[in-house]
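Student: Convert by adding 7 to the 1-based position in the sequence shown; the result is the number in the numbering used here.
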Amino acid sequence: MTSDPTPEADEDGAPETTRVAEMTWREIETALERTTTLLVPVGSTEQHGTHMPLGVDVFMPEAIGELIAERSPALLAPPIWYGVSPHHTFKPGTFTVSTETFQRYVFDVCASAADWGIENVLLLNGHYLAQDPELEVVVRELRTERDVEAFHVPLVNLFGDVAEEIRTGDVSFHASEFETSIMLDLFPELVDMDAAEAVEPPEESLALTDYDALGDNEVGWALTAADMAELTPAGNIGDPTVATEEKGEALVEAAVAGVCELVDELESGE
């Protein structure tokens, strides 16, 4: 007799997993009686310095999405691994796609979910800042063309207040204090702190711009691969050596709590 591969259900008849990829279509059908909200981790596969792997921008939002789904009725979609990362192609291993390809792909993924009953989509963006503009457009198109309650959720916005309180480094722009701390909390086995090194950007940036994730970036701007190669031989900008698991735990909790509040309001119809 073969074993039943179907996940066990809880007392309400819902499967224990919230991961769409691990569920059957019948389990999805049952889950849609409880929720119409889908979390979609969106990231990029790109260099993250000498101390962290290429998948950071996907590992973070997917793990945070799983924690959100444990506390709320939302379902968790498979992540989107490839993003808009032309500025990181100065190091091997980075993948990048065009803005047009990325936007159409993310839109189609979410639109297909709407076809089977999803009404609310939260794009959990682990490649924040760099592909914020693309996802803002996707959200607008999902709302106007498919009547989906779509939201762009950049992680840095969710934990920004906490980050300001607990930070000890002056600059954290890429693969530094914030991202490294989160990875130390969620995936410590993937972080090599012995290989981490501080890379300070120029003291002055152009007016209305800043080399810090929480800085005074009053205008939209972008770095090229040539810019990044000149700024950072290691790949990171800022000081990852001040990262700690405790800081990461605080940042993750802030992100999870914020999204759970939004999901609860969406599900209650408020």
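All residues carry an ideal CB built from backbone N, CA and C; glycine is no exception.
None of these values were measured; they are calculated from a predicted model.
(1) For residue 134, collect the residues of the same chain with a Cβ closer than 8 Å to its Cβ; drop the 5 residues on either side in sequence, then sort them by chain order.
(2) Check whether the Cβ atoms of residue 39 and residue 124 lie closer than 7 Å to each other.
(3) From 248, 115, 47 and 149, pick the residue whose C-alpha is nearest to that of residue 202; which is it?
(4) Relative to the C-alpha of residue 46, which residue among 117, 58 and 61 is closest?
(5) So, with DSSP's three-state summary, where would you put residue 92?
(6) Do you know how far the Cα of residue 162 is from the Cα of residue 188?
(7) Starting from residue 161, follow the alpha helix (DSSP H) in both directions and report where the run begins and ends.
(8) Just list the alpha helix (DSSP H) runs in the stretch 106 to 136, keeping only unbroken ones of 4 residues or longer that don't cross its boundaries, in chain order.
(9) Where does residue 246 land, buried or exposed, given buried means 16+ other C-beta within 10 angstroms?
(10) Alpha carbon to alpha carbon, how far is residue 211 from residue 259? Give it in angstroms, no decimals.
(11) Which full runs of the alpha helix (DSSP H) of 4+ residues lie inside the stretch 37 to 80, going along the chain?
(12) Cβ atoms of residue 70 and residue 25: under 7 Å apart, would you say?
(13) Would you mind working out which of 31, 128 and 250 sits nearest residue 80, comparing C-alpha positions?
(14) Hey, would you say residue 159 sits closer than 7 Å to residue 243, going by beta carbons?
(15) What residues in its chain sit with their C-beta under 8 Å from that of residue 68, if we drop five residues either side in the sequence?
(16) For residue 223, which residues from the same chain have a beta carbon less than 7 Å from its beta carbon, with the 5 sequence-adjacent residues on both sides left out?
(17) Reducing DSSP to helix, strand and coil, say where residue 104 ends up.
(18) Any beta-carbon of chain D closer than 7 Å to the one on residue 260?
(19) Return the chain-ordered list of same chain residues with a C-beta closer than 6 Å to the C-beta of residue 78, the five sequence neighbours on each side being excluded.
(20) Determine the direct distance from the alpha carbon of residue 143 to that of residue 114, and round the result to whole angstroms.
(21) When the Cα of residue 138 is compared with those of 88, 178 and 169, which residue comes out closest?
(22) Alpha carbon to alpha carbon, how far is residue 27 from residue 84? Give it in angstroms, no decimals.
(23) Along the alpha helix (DSSP H) that carries residue 185, what are the first and last residues, could you check?
(24) Roughly how many whole angstroms lie between the Cα atoms of residue 220 and residue 166?
(25) Does the separation of the CB atoms of residue 109 and residue 194 fall below 7 Å?
(26) Roughly how many whole angstroms lie between the Cα atoms of residue 276 and residue 57?
Tutor: Put simply:
(1) 49, 50, 51, 53, 64, 90, 91 and 92
(2) yes
(3) 248
(4) 117
(5) coil
(6) 13 Å
(7) Taken as a continuous stretch (DSSP letters only), residue 161 belongs to no alpha helix (DSSP H), being part of the beta strand (DSSP E) at 156 to 161.
(8) 106 to 122
(9) buried
(10) 31 Å
(11) 63 to 78
(12) no
(13) 128
(14) no
(15) 48, 49, 50, 86, 131, 132, 133 and 162
(16) 217
(17) coil
(18) Checking the listed chains, one finds no chain D in this structure; it contains a single protein chain.
(19) 267
(20) 11 Å
(21) 88
(22) 5 Å
(23) 184 to 193
(24) 11 Å
(25) no
(26) 46 Å
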